[in-house]
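Beneath this line is the structure, given in structure tokens, with notes to follow.
2 protein chains.
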Amino acid sequence: MRDHFESGTELFKSLPLEKREKVFDAAVAEFASKGYRNASMNSLVRAAGISKGSIFQYFRTKRNLFDAVLELAVDRVKNYLRKVRSDTGEMPFPARLGTLLRSGFSFIDKHPLLSAIYFQLLQSGDAPFGTEKILQLRRLGNEFLAEMFDEAVSRGEVRSDLDRQKTAFLVNSLMETLLRAYYTEFLDSGLGLYKGTAQNREAWIETTVAFIVSGLGNESSD
Amino acid sequence: MRDHFESGTELFKSLPLEKREKVFDAAVAEFASKGYRNASMNSLVRAAGISKGSIFQYFRTKRNLFDAVLELAVDRVKNYLRKVRSDTGEMPFPARLGTLLRSGFSFIDKHPLLSAIYFQLLQSGDAPFGTEKILQLRRLGNEFLAEMFDEAVSRGEVRSDLDRQKTAFLVNSLMETLLRAYYTEFLDSGLGLYKGTAQNREAWIETTVAFIVSGLGNESSD
DNA sequence: TTTTAGAATGACCGGGTGGTCACCGCGCGG
DNA sequence: CCGCGCGGTGACCACCCGGTCATTCTAAAA
Chain V
0 MRDHFESGTE LFKSLPLEKR EKVFDAAVAE FASKGYRNAS MNSLVRAAGI
50 SKGSIFQYFR TKRNLFDAVL ELAVDRVKNY LRKVRSDTGE MPFPARLGTL
100 LRSGFSFIDK HPLLSAIYFQ LLQSGDAPFG TEKILQLRRL GNEFLAEMFD
150 EAVSRGEVRS DLDRQKTAFL VNSLMETLLR AYYTEFLDSG LGLYKGTAQN
200 REAWIETTVA FIVSGLGNES SD
Chain U
0 MRDHFESGTE LFKSLPLEKR EKVFDAAVAE FASKGYRNAS MNSLVRAAGI
50 SKGSIFQYFR TKRNLFDAVL ELAVDRVKNY LRKVRSDTGE MPFPARLGTL
100 LRSGFSFIDK HPLLSAIYFQ LLQSGDAPFG TEKILQLRRL GNEFLAEMFD
150 EAVSRGEVRS DLDRQKTAFL VNSLMETLLR AYYTEFLDSG LGLYKGTAQN
200 REAWIETTVA FIVSGLGNES SD
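Chains V and U, in that order, give the protein sequences. Those letters in the first sequence? Residues 0 to 221, by numbering that gives the first Met the number 0. Those letters in the second sequence? Residues 0 to 221, by numbering that gives the first Met the number 0.
Given below as structure tokens:
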């Protein structure tokens, strides 16, 4: 979970890196596995090997600690989106979608705990704040896809008579569901995406991109 | 929440209908608004106007009570699916999808609390049991759509070269997202589906069905 | 070696939870 | 009109929570 340590009290910032990592990683693990409400400061503190008093000296409240952890997760996701966008600028639209999904899978592999926190927030609304921040994040994701869609339209790669917001919403929902099913057992309704093989993932990417581009209808081609 | 009272202890079953309804309705409301883990027997009991001892005489544990409530929700959803299937058997595939969505919206209007319980279970995994039951329900929904897809294929209404399971999964994910966004504020990323007008809903249905049938590509028509 | 600043600690607090059980009061049979 | 059985009751239990703070420990300064 390297770097990113403007969070916490002055005392926490002054700690040796190793200890900061140990504490922060334990927090990430706790929130990832139980969500905000059911995460326990007691069990967190046990896992981190520090005393209960200390964690409240490092982050004054549970809420503060969660904010710091969430900020890291959101930053990582934003970076990943930025990178994919710039890496795929030249690709045709379908390849772009495929790369986006592939990168999503690899992000989850690299940051499973942060992914869990991010998706938990997005989906379950289990957060210490209201809906505003969640809506903001969802709009961000949708806008990202809407811009991809705009570019595809301007290049003549897709139909131009579609509502960009609604379209982005629908495509986003497919992406999100697929990525969540990749690491959430109970979402994988028996199709082997969860903990599946790389070929399996590729097959899903292909099917999904084809679905987005052509739908189910008879009369399309490519 | 009428009928359906094989649940609970003998004592509960022997209660006057009115009281059974009062208690059961309070349980539904509690679980719907807080999910399983964060639902409180204390607050439930306060809302139902009975004493704490009583609820544990009617349903021995929180878990038992939840099972009963969930069973009602699942039964209602199954009935709704059955009804839609038989009502739309003659329709062309796109109209069928549209009717399915429309009925989904109206189910949510009629049973907002049961919908909340059902979706909460499906999405957040917040349940007193393992993943098996959730997977089972998801498979049910997917199979429902897969059969619709089969019929459409056999009538030549859609392409026949698609994997039925994967396709059903993708279509299901769109349906589910749309229905959830209809009553969950933080899922409606600013598009006015949540608490929107009837025209708004119709526009979404049209867009979604068109997306499923034709995708985004240039070269399709209908 | 002694003093002392400040970090680490865990017992403790008020308030919550799911669940229990000794008691109370009401209605029915005798 | 009495007595008894059974449903209703809420104080109580053990255990958890987030958060506090008086005390202890440690290590550097004097």
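Glycine included, each C-beta is placed from N, C-alpha and C at the ideal position.
Query: Can you have a look at residue 183(V) and say buried or exposed, based on whether 16 or more other CB atoms are within 10 angstroms of its CB?; Result: buried
Query: Go ahead and pull the three-state DSSP assignment for residue 189(U).; Result: coil
Query: Could you round the C-beta distance between residue 137(U) and residue 113(U) to whole angstroms and report it? I think they count as a contact, below 8 Å.; Result: That pair is no contact at about 17 Å.
Query: For residue 155(V), which three-state DSSP category applies?; Result: coil
Query: Determine the contact status of residue 211(U) and residue 215(V), defining contact as a CB-CB distance below 8 Å.; Result: yes
Query: Would you kindly work out how many angstroms separate the C-alpha atoms of residue 49(V) and residue 107(U), rounded to a whole number?; Result: 48 Å
Query: What residue range does the alpha helix (DSSP H) around residue 102(V) cover?; Result: 92-109
Query: Quick check on residue 0(V) - is its C-beta less than 8 Å from some C-beta in chain U?; Result: Here residue 0(V) scores only 44 on pLDDT, less than 50, and its place in the model is too uncertain to base an answer on.
Query: Counting only Cβ pairs nearer than 7 Å, list the residues of chain U close to residue 212(V).; Result: 214, 215, 216
Query: Pairs of beta-carbons, one from the stretch 56-68 of chain V and one from the stretch 18-26 of chain V, closer than 8 Å: are there three or more?; Result: yes
Query: Can you list the beta strand (DSSP E) stretches of 3 or more residues lying completely in the stretch 118-180 of chain V, in chain order?; Result: none
Query: Does residue 147(V) pass the burial test, meaning 16 or more other C-beta atoms within 10 Å, or should it be called exposed?; Result: buried
Query: Taking the alpha carbon of residue 97(U) as the reference point, which residue from 213(U), 217(U), 206(U) has its own alpha carbon closest?; Result: 206(U)
Query: Mind listing which residues of the stretch 12-40 of chain U have their C-beta closer than 8 Å to chain V's C-betas, in chain order?; Result: 36, 37
Query: My guess is that residue 164(V) and residue 190(U) are in contact by the Cβ rule of under 8 Å, so how many angstroms apart are they, rounded?; Result: 6 Å
Query: With DSSP collapsed to three states, give me the class of residue 216(U).; Result: strand
Query: Going along the chain, which residues of its own chain have a beta-carbon closer than 7 Å to the beta-carbon of residue 90(V), five neighbours each way excluded?; Result: 98
Query: Tell me, please, whether the stretch 28-37 of chain U touches the stretch 118-126 of chain U by the rule of three or more beta-carbon pairs shorter than 8 Å.; Result: yes
Query: Given a cut-off of 8 Å, decide if residue 92(V) and residue 175(V) are closer than it, judged by their beta-carbon atoms.; Result: no
Query: Taking only three categories from DSSP, how would you classify residue 72(U)?; Result: helix
Query: Under a CB-based cut-off of 8 Å, is residue 141(V) close to chain U?; Result: yes
Query: Taking CB distances under 8 Å as the criterion, tell me whether residue 221(V) reaches chain U.; Result: Note that residue 221(V) scores 42 on pLDDT, short of 50, meaning its location in the model is unreliable and no value can be drawn from it.
Query: Who are the neighbours of residue 156(U) on chain V, taking C-beta pairs under 8 Å?; Result: 217
Query: Out of 18(V), 131(V), 58(V), state which residue places its alpha-carbon closest to the alpha-carbon of residue 8(V).; Result: 58(V)
Query: Ignore the nearest five residues each way along the sequence and tell me which others in residue 171(V)'s own chain have a CB closer than 7 Å to its CB.; Result: 140, 141, 144
Query: Throw me the rounded Cβ distance for the residue 30(U) and residue 19(U) pair, which I believe falls under 8 Å.; Result: Actually they do not touch by this definition, with Cβ atoms about 17 Å apart.
Query: At the 8 Å Cβ level, is residue 149(U) part of the contact set with chain V, yes or no?; Result: no
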